[in-house]
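Written below as structure tokens is the structure these notes are about.
2 protein chains.
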Amino acid sequence: MTVTIRDVARASGVHVSTVSRTFSAPHMVNAATRTRVLTVAEELGYRPNRAARALTTGRTHNLGLIVADIANPFFPPLIKAAHAAARQRDYHLFVADTDEEAAAEEELVQAFSKQVDGLVLCSPRSSNKALERLAQRVPFVVINRRLRGAATVLMDVGSGARLAVEHLAGLGHRRVALVSGPAGSWTSAEIRTAAEQVDGVELVVIGPNAPTERGGFAAAGRVRDSGATGALAYNDLVAIGLIEGLGDLGLGVPEDVSVVGIDDIVPGRLSRPKLTTVAMPTAAAGRLAVDLLIQEVTATTSLETRLVIRDSTAPPR
Amino acid sequence: MTVTIRDVARASGVHVSTVSRTFSAPHMVNAATRTRVLTVAEELGYRPNRAARALTTGRTHNLGLIVADIANPFFPPLIKAAHAAARQRDYHLFVADTDEEAAAEEELVQAFSKQVDGLVLCSPRSSNKALERLAQRVPFVVINRRLRGAATVLMDVGSGARLAVEHLAGLGHRRVALVSGPAGSWTSAEIRTAAEQVDGVELVVIGPNAPTERGGFAAAGRVRDSGATGALAYNDLVAIGLIEGLGDLGLGVPEDVSVVGIDDIVPGRLSRPKLTTVAMPTAAAGRLAVDLLIQEVTATTSLETRLVIRDSTAPPR
DNA sequence: GGGGATTCTGCAAGCGGTTGCGTTATGGTG
DNA sequence: CACCATAACGCAACCGCTTGCAGAATCCCC
Numbered sequence: 000m001t002v003t004i005r006d007v008a009r010a011s012g013v014h015v016s017t018v019s020r021t022f023s024a025p026h027m028v029n030a031a032t033r034t035r036v037l038t039v040a041e042e043l044g045y046r047p048n049r050a051a052r053a054l055t056t057g058r059t060h061n062l063g064l065i066v067a068d069i070a071n072p073f074f075p076p077l078i079k080a081a082h083a084a085a086r087q088r089d090y091h092l093f094v095a096d097t098d099e100e101a102a103a104e105e106e107l108v109q110a111f112s113k114q115v116d117g118l119v120l121c122s123p124r125s126s127n128k129a130l131e132r133l134a135q136r137v138p139f140v141v142i143n144r145r146l147r148g149a150a151t152v153l154m155d156v157g158s159g160a161r162l163a164v165e166h167l168a169g170l171g172h173r174r175v176a177l178v179s180g181p182a183g184s185w186t187s188a189e190i191r192t193a194a195e196q197v198d199g200v201e202l203v204v205i206g207p208n209a210p211t212e213r214g215g216f217a218a219a220g221r222v223r224d225s226g227a228t229g230a231l232a233y234n235d236l237v238a239i240g241l242i243e244g245l246g247d248l249g250l251g252v253p254e255d256v257s258v259v260g261i262d263d264i265v266p267g268r269l270s271r272p273k274l275t276t277v278a279m280p281t282a283a284a285g286r287l288a289v290d291l292l293i294q295e296v297t298a299t300t301s302l303e304t305r306l307v308i309r310d311s312t313a314p315p316r
Numbered sequence: 000m001t002v003t004i005r006d007v008a009r010a011s012g013v014h015v016s017t018v019s020r021t022f023s024a025p026h027m028v029n030a031a032t033r034t035r036v037l038t039v040a041e042e043l044g045y046r047p048n049r050a051a052r053a054l055t056t057g058r059t060h061n062l063g064l065i066v067a068d069i070a071n072p073f074f075p076p077l078i079k080a081a082h083a084a085a086r087q088r089d090y091h092l093f094v095a096d097t098d099e100e101a102a103a104e105e106e107l108v109q110a111f112s113k114q115v116d117g118l119v120l121c122s123p124r125s126s127n128k129a130l131e132r133l134a135q136r137v138p139f140v141v142i143n144r145r146l147r148g149a150a151t152v153l154m155d156v157g158s159g160a161r162l163a164v165e166h167l168a169g170l171g172h173r174r175v176a177l178v179s180g181p182a183g184s185w186t187s188a189e190i191r192t193a194a195e196q197v198d199g200v201e202l203v204v205i206g207p208n209a210p211t212e213r214g215g216f217a218a219a220g221r222v223r224d225s226g227a228t229g230a231l232a233y234n235d236l237v238a239i240g241l242i243e244g245l246g247d248l249g250l251g252v253p254e255d256v257s258v259v260g261i262d263d264i265v266p267g268r269l270s271r272p273k274l275t276t277v278a279m280p281t282a283a284a285g286r287l288a289v290d291l292l293i294q295e296v297t298a299t300t301s302l303e304t305r306l307v308i309r310d311s312t313a314p315p316r
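Protein chains in written order, with numbering that gives the first Met the number 0: chain A, 0 to 316; chain B, 0 to 316.
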């Protein structure tokens, strides 16, 4: 029923090894027989069985991508780009979701290890020790986390945050609120130290906050009380929540307060006012991660972020 | 380096077939030896190689999910749910993106066919003929498309659309605009015929429109000119664009015009006013699709939609 | 025209499991 | 106690493909 290499061999009068070679090492087989085998294979609708190939070669031509939450708007562009890059080189991509749990993460890595040639982990939650142990079972590249020994793709939030604060400063804001993320978040710390480097603005840190719309909403009162005329939020969701919260307090954005987010997720582009934000190169990161994986190079890369100015920022009154 | 079934067999003093059976047919092996094999396997860190297993059994324990655009906010919840359902039964999930192209779709189905036990196709673009041909290579279930012979999961937009128009009617709107989608869209037709069945409101069809924010934005003028006080949009993106377009024309939502969307994507929950919309059971559809696939039942299911009333609808002036 | 190098192809042993069949040990029955 | 059913396990073939090795054919050069 399913056509195998043997069928092709029989039909074209050569040994299976020759058929095998016309697919995996074409230069080793005579041009004439090669085309003959190829046409026969085509007629029969033959496609090499990847599982069988994997068994002998040890390479599956599959990659795995593990993210914390597929439904979080931050990830889909990354997944999409990773998929495209993989397809381009004839790899298939497993996608998995850990639901933000470190245990699920380790379990998934284990489960995938025999079935993929490599894994890309986005902002993994597991401990360094666990990751280093896992790295011995299967090669992987990490996105948005520093891990010695593993290939790494970083998005430079710091420089983006600085750009954002400079943008606010340039508009004339002298006091800006930093609506930070969860305590202990690496990103949050990164943003803060970068923001503090900007001259001419006084930074008021407000937080920690949940990295959600709700978190931003709840922080609105403290932002108002801080007397800041501009705010940089931990991410776009927080920014959107903040804008709504400020609205409830009678404060308009950007007339009364300027708000800038981080990430550049779709909802930020669609909300009103359209969100000024620091665009994270998620697509580039996804693409690069699978490229690194396939080429088996272990480098650590830092991707530029950039500021996208839209409607949520303006000069202070 | 990698521990195989033979290593376990040697270390526990039994034949490989016994080891094999303790994993794939535990009841066939004596309890004592079973536990011995199991502990040895545990110690050695043995995990059955799925590729090898697939080779003999023909079952890969992998599933594939093919969507038009991973980055379209409509899909991620579906993907996430499908992944969770698959994981629960110890299946792995390939996720693929066709970039809205039928050709890519067929190519992907071909490429996956040997590597998965089944495929779920979301709103496939390919022709019926093509799909029926592909169905012979690999079992699949289709979401949001009628296809005889294949297992099908439908989301009942029609009833949702009716609910939406009834909601508007209930608020007192007597003239509602139907901001439709692309010409020839099955969904669009479905929505229209359902909406027309509601008594007491006059329906003004405006379209076809691109199924995007831009499409909705562009339709704003015609909605105003129609004299409608309420509008049902083809989807949430169109609704959001429409709201923005109306705003530019000096019309407030919901004060001047009530707008309801369809899909219930995240950006609709985050935009202002929060969008009243017909929630599509995307997660349920994803979950159900993989369940059908795994259980190999070919049924056609229609999932309920429901109306989520938020802030973009109100009584007319 | 003979010898060595090259090219091309066949042979067969795996890769890591599964599974039908056969063998042995065990238990139950009349 | 002889007999047979049953349970537990071993044996070996096989799934579809790759690959090191060796043989045959062809080619080149002096």
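All residues carry an ideal CB built from backbone N, CA and C; glycine is no exception. These numbers come from a predicted model, not from an experiment.
Where residue i falls, given that 16 or more other Cβ within 10 Å makes a residue buried
i                : result
MET0 (chain B)   : exposed
HIS82 (chain A)  : buried
LEU248 (chain A) : exposed
ARG58 (chain B)  : exposed
LYS79 (chain A)  : buried
THR281 (chain B) : buried
HIS172 (chain A) : buried
GLY240 (chain A) : buried
GLY159 (chain A) : buried
PRO76 (chain A)  : buried
VAL108 (chain B) : buried
MET27 (chain A)  : exposed
ASN29 (chain B)  : exposed
GLY63 (chain A)  : buried
ASN61 (chain A)  : buried
Contact test: residue i Cβ vs the ligand HEM heavy atom, cutoff 7 Å
i               : result
THR97 (chain A) : The model on display carries no ligand, and the ligand HEM is accordingly not part of it.
Under 8 Å by beta carbon: chain A residues contacting residue i
i                : result
VAL94 (chain B)  : ILE78, HIS82, LEU92, PHE93 and VAL94
GLU243 (chain B) : ARG271
Where residue i falls: helix, strand or coil (DSSP)
i                : result
THR151 (chain B) : strand
ASP255 (chain A) : coil
ALA230 (chain A) : strand
GLU325 (chain B) : A question about residue 325 (chain B) goes unanswered here, because the residues of chain B that appear run from 0 up to 316.
GLY206 (chain A) : coil
PHE93 (chain A)  : strand
ILE65 (chain B)  : strand
LEU287 (chain B) : helix
ASP116 (chain A) : coil
THR21 (chain B)  : helix
PHE73 (chain B)  : coil
ASP98 (chain B)  : coil
ALA176 (chain A) : strand
ASP262 (chain A) : strand
ARG132 (chain A) : helix
Beta carbon of residue i nearer than 8 Å to that of residue j
i                : j                : result
GLU99 (chain A)  : ARG124 (chain A) : yes
VAL265 (chain A) : THR304 (chain A) : no
VAL178 (chain A) : THR211 (chain A) : no
ALA50 (chain B)  : ALA283 (chain A) : no
VAL203 (chain A) : SER225 (chain A) : yes
PRO72 (chain B)  : PRO272 (chain A) : no
LEU269 (chain A) : SER311 (chain B) : no
ALA102 (chain A) : ARG174 (chain A) : no
GLY244 (chain A) : ALA218 (chain A) : yes
Under 7 Å by beta carbon: chain A residues contacting residue i
i                : result
LEU54 (chain B)  : ALA50, ALA51 and LEU54
SER225 (chain B) : In chain order: nothing, as chain A lies at least about 23 Å away.
LEU269 (chain B) : GLU212, ILE239, PRO266 and SER270
Neighbour list for residue i in chain B, Cβ cutoff strictly below 7 Å
i               : result
THR59 (chain A) : ALA50
ALA70 (chain A) : PRO75, PRO76 and LYS79
Beta-carbon neighbours of residue i, restricted to chain B and to distances below 8 Å
i                : result
LYS113 (chain A) : THR1, ARG46, ASN48, ARG49 and ALA50
- Query: Per the contact definition of three or more C-beta pairs closer than 8 Å, is the segment 38-56 of chain A in contact with the segment 105-115 of chain B?
  - Reply: The segment 105-115 of chain B makes contact with the segment 38-56 of chain A; the number of CB pairs closer than 8 Å reaches 3 or more.
- Message: Assess contact between the segment 224-238 of chain A and the segment 254-272 of chain A, defined as three or more Cβ pairs (one per stretch) separated by less than 8 Å. Is contact present?
- Response: Flag = yes, the segment 224-238 of chain A and the segment 254-272 of chain A touch.
- Is there contact here, the segment 190-197 of chain A with the segment 146-160 of chain A, by at least three beta-carbon pairs under 8 Å? Three or more pairs of CB atoms, one per stretch, sit closer than 8 Å, so the segment 190-197 of chain A contacts the segment 146-160 of chain A.
- Query: With a cut-off of 8 Å, do at least 3 Cβ pairs link the segment 2-10 of chain B to the segment 286-294 of chain A?
  - Reply: As far as the Cβ criterion goes, the segment 2-10 of chain B does not touch the segment 286-294 of chain A, which means the pair count is below three.
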